[in-house]
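Take a look at the structure set out below.
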Amino acid sequence: MTTVYISLGSNIDRERHLAAGLAGLSSLGSGMQVSTIYEAEPVGFSGPNFFNCVAVIETSLSLDTLWQALKQLELQHGRAPDAAKNQSRTLDLDILLYGDTVQESYPVLPRSDIYKFAFVLQPLMELCPHREIPGDGRTVTELWHASRFEQALWPVEHHFVV
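In our numbering, the protein residues as written are 28 to 189.
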């Protein structure tokens with residue numbers, strides 16, 4: 028079994044799509060834990076605010092099989108197959124960490140979003156503050172203290188079923 032951290036985000040019908048993403052993700056592994064859900068302004072474009080969180084699961088799926096399953100979940104929930112970066116989306120699922128895997132080919136791991144976005148690193152702080160980032164050597168807490176994010180996050184009191 029491999030411990031996998033996955034970021035989830037939606038800014039179109041956010042509650043429905045985030046709940047659907049989490050439900051789909053729970054079928055790909057066991058022991059799922061979910062961070063606080065945060066509301067955040069979009070980065071790099073104008074649009075509705077996002078709901079973001081990070082989930083952790085234990086899975087027996089290979090990296091490629093898991094990545095393909097996540098892409099299928101996105102498509103099932105209305106994501107365009109040719110969706111570009113920096114645009115509104117129904118569901119965005121990205122593998123942040125897959126065990127201790129470090130790779131330069133797609134999907135690149137650890138995912139660079141860990142270093143770039145508060146909506147990724149803050150939820151990781153909740154789930155695994157002492158986790159060392161593979162290939163980096165620093166812990167999530169050390170990264171958090173070294174980061175300077177301009178993006179504000181607001182915890183969401185969600186009333187939808189996950």
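Quick reminder that beta carbons are idealized off the backbone N, C-alpha and C, glycines included.
Measuring alpha carbon to alpha carbon, tell me which of the options ends up nearest residue i.
i	options	result
W171	P182, E153 and W181	E153
Q60	E159, L151 and T168	L151
F176	L148, A82, G126 and T30	L148
N190	I64, I141 and A82	The structure shown has nothing for residue 190, since the chain only spans 28 to 189.
L136	Y142, K143 and L124	L124
V31	Q114, E169, L97 and N79	L97
Tell me the residue span of the beta strand (DSSP E) that contains residue i.
i	result
P182	L180 to P182
D91	Note, D91: premise wrong, no beta strand (DSSP E); alpha helix (DSSP H) at L90 to Q103.
A82	F77 to T86
S57	S57 to V61
Note down the Cα distance separating residue i from residue j, rounded to an integer number of angstroms.
i	j	result
G20	A145	In the structure as shown, the chain begins at 28 and stops at 189. Residue 20 is therefore absent and cannot be evaluated.
R41	F77	7 Å
R116	G56	24 Å
Q95	S174	31 Å
V83	S62	9 Å
L118	M28	26 Å
H104	A47	8 Å
P161	D127	5 Å
In the DSSP assignment, what residue or residues form a beta bridge with residue i?
i	result
Q130	L136
S34	V81 and D121
Y65	N79 and P182
How is the alpha helix (DSSP H) around residue i delimited, first residue to last?
i	result
G71	That residue, G71, is in no alpha helix (DSSP H); it is neither H nor E in DSSP.
M152	A145 to L154
G164	Careful: G164 lies outside any alpha helix (DSSP H) and carries neither H nor E.
L118	Element bounds for L118: n/a, residue is neither H nor E.
Quick check: does the Cβ of residue i come within less than 6 Å of any heavy atom belonging to the ligand FAD?
i	result
G71	The ligand FAD is not part of the structure shown, which contains no ligands of any sort.
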